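Take a look at the structure set out below.
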Amino acid sequence: MRGDLTIRKVKTASGATAVQVVRNEGKRRAIIKHVGSAHSESECDLLMAEAVKYAEAHRRQPYLLPEIHPPASSPQQHLDFSHAELVDVTHQFARTALLSAAKRCGLGALPELYLDFALMRIIEPASKLRTLELLQRYFNVRYAERTVYRLLPKLLAYQKEIETAAIQTARDALQESFSLVLYDVTTLYFESFKEYDFQKPGFSKDNKPQQPQIVIGLITTRSGFPVMHEVFEGNTFEGKTMLAVLHRFHERVGETKPVIVADAGMLSKDNMQQLEADGYRYIVGARLASTASAFIDTIYTELPRTNQAPRRFSYSSGVKNASVICEFSEARYKKDKREFDKQVKRAFQLLERNEAGRRAKFVKKSQEKNKPFVFDTALQAKAEKLLGIKGYVTNIPEIELPSADVVAYYRDLWHVEQAFRMSKSDLKARPIFHYTQEAIRAHMLVCFMALMMGKYLEIKTDRSLRQIRDELWQVQEANIYDERTGELHTVSMNTSKLANNSILKFLNHELPH
């Protein structure tokens, strides 16, 4: 190879062959360009041809900033800015940091393509083709389009390995205990009204009941770190998802069965009976409004109106060992009262127009012909007695877990809800460009990996994912072309000036300075 640019092939941990254009600097080699990673001889030949073409085109390209990286043969050479050209600006620091987070989450043995697609969900979520463009633009990382379409579906073969890594990371790196886990579900809809085998209309948490969707079940630790997920058909009742994911989680963990914390959507007689029969303990949100009037009267009479003073009630629900814990909150009362007053006012406005309205809580059909709708006074009285009161159902006796602790554990549920918000907003997990079940599951597994990496960094740095992304993007590298010598140089920002960068502080032993 003419000049000091050479091409090398390097075996990666995943077994792929990385093709790189490098420059020899004495005993040191500087990577000028990562051309790509090959998984077959034919792919390697294509990458080698591309590398040769690149090296020949840049063999006379110079060191743009010789005062920073002076060639050994001419230490007194100075940069002539009239012959220097900025080729591009990259963000290798961000990629290095996120790959480091992936390794710390136990994902380092996976093919790098999967890790790059996962980290791009954090940096800038996009379609597969757009992701390929951004990987090249931001990091000078190239993958052949056909390689992506061939390898992404094969990610499903690594699901057990990925979830095992998540469990080990939670246990070892984050010091989490699996004595208690959080479970929740969400829905992801498609911009289509065409129903597929897997994407079906169902109860939508996005208020898109007519559009096909999928249902996602997620288990996290108390801090919100994801350890297991499952994808279900769009018309699956959310209460039926929990047991399937829970049993798989327990098989993987192999410890004492954890306490399950879930919201009221998981509360069904069948679910609680099955959890009890399988030896699980649970804490789920109670639907107090749907309980008997006599039970509501008991709560209203006996529950102290002292802020956060829970009381346990026996309730004949047909489920062995189940009891209901109720707690009054002044802040909740004020919020509930405002909503209650608005609903009452709206009900009377609708009745004046002889309309039922949509989701009008206190309007019901009348038996009178000239008066189609009437105000539901019984429901109003029932709802008013529950203002400011939150209920929880558990099969854990008071002697084992005091009521105050039951309430505290349930409040941790916001962590899994926040994980879903992160997936939908920051990672843009909605698989709008996928239609087959295999492609959807692979896409959601990429999002699960991104969620692992993002939550790990959030927990370790005490920063939000948005703040982390902003801090990563502060550091840039300039690739500069010297027309006199034909050399291409990469000049990195001096990261020592970023004293307040929490990501740099956390990963300072693994990142370039």
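Taking the numbering used here, the leading residue of the sequence shown gets 9, the next gets one more, and so forth. Cβ coordinates follow ideal geometry from the N, Cα and C atoms, glycine included. Model, not experiment: these values are computed from the prediction.
Residue i in three-state terms, based on DSSP
i	result
residue 15	strand
residue 228	strand
residue 122	helix
residue 496	strand
residue 91	helix
residue 501	coil
residue 267	strand
residue 347	helix
residue 233	coil
residue 334	strand
residue 364	coil
residue 290	strand
residue 518	Bear in mind that a pLDDT of 48 at residue 518, under 50, signals an unreliable position, so the number given afterwards is only what the model happens to contain. Coil, per DSSP.
residue 317	coil
residue 63	helix
residue 339	helix
residue 322	strand
residue 177	helix
residue 249	helix
residue 203	Legend: pLDDT at residue 203 = 46, less than 50; position of this residue unreliable, value from coordinates given subsequently. The answer is coil: DSSP assigns residue 203 none of H, G, I, E or B.
residue 98	strand
residue 186	coil
residue 113	coil
residue 161	helix
residue 71	With a pLDDT of 34 at residue 71, under the threshold of 50, the modelled position of that residue is not reliable, and no figure is offered here.
residue 329	coil
residue 444	coil
residue 278	helix
residue 377	coil
residue 34	With a pLDDT of 47 at residue 34, under the threshold of 50, the modelled position of this residue cannot be trusted, and the question is left open.
residue 458	helix
residue 300	coil
residue 273	helix
residue 470	coil
residue 260	helix
residue 295	coil
Burial state of residue i (16 or more Cβ within 10 Å)
i	result
residue 176	exposed
residue 220	buried
residue 379	exposed
residue 118	buried
residue 361	exposed
residue 155	buried
residue 187	exposed
residue 342	exposed
residue 124	buried
residue 312	exposed
residue 49	exposed
residue 210	Caution is warranted here: a pLDDT of 40 is assigned to residue 210, below 50, making its placement in the model unreliable, and the coordinate value is therefore given only provisionally. Per the 10 Å Cβ criterion, buried.
residue 473	buried
residue 463	buried
residue 346	exposed
residue 100	buried
residue 41	buried
residue 429	exposed
residue 27	buried
DSSP bridge partner residues for residue i (one or two, in chain order)
i	result
residue 192	226
residue 482	DSSP lists no partner for residue 482.
residue 372	382
residue 29	15, 41
residue 307	Paired residues: none, contrary to the question.
residue 489	93, 496
residue 241	222
residue 46	25
Residue-chain proximity (residue i, chain D), Cβ-Cβ < 8 Å
i	result
residue 418	No chain D appears in the structure shown, which is made up of a single protein chain.
I want to know whether the stretch 303–322 touches the stretch 347–365 - three or more CB-CB distances under 8 Å. no
Are at least three pairs of beta-carbons, each pair with one atom in the stretch 454–466 and one in the stretch 227–246, less than 8 Å apart? yes
Hey, which unbroken runs of the beta strand (DSSP E) at 3 residues or more fall wholly within the stretch 386–428? 397–402
At 4 residues or longer, and completely inside the stretch 119–159: list those alpha helix (DSSP H) runs for me, N to C. 120–131, 136–147, 153–159
Touching or not, the stretch 326–342 and the stretch 279–296, by the rule of three or more beta carbon pairs under 8 Å? yes
How do the stretch 106–114 and the stretch 481–489 stand: do at least 3 beta-carbon pairs fall below 8 Å, yes or no? no
Assess contact between the stretch 144–161 and the stretch 128–136, defined as three or more Cβ pairs (one per stretch) separated by less than 8 Å. Is contact present? yes
Take every Cβ of the stretch 414–428, pair it with every Cβ of the stretch 393–406, and state whether three or more of those distances are shorter than 8 Å. yes
How about the stretch 152–168 and the stretch 443–452: do they share at least three Cβ pairs that are nearer than 8 Å? yes
For the structure I just gave you, are there three or more beta carbon pairs, one from the stretch 243–258 and one from the stretch 269–276, closer than 8 Å? yes
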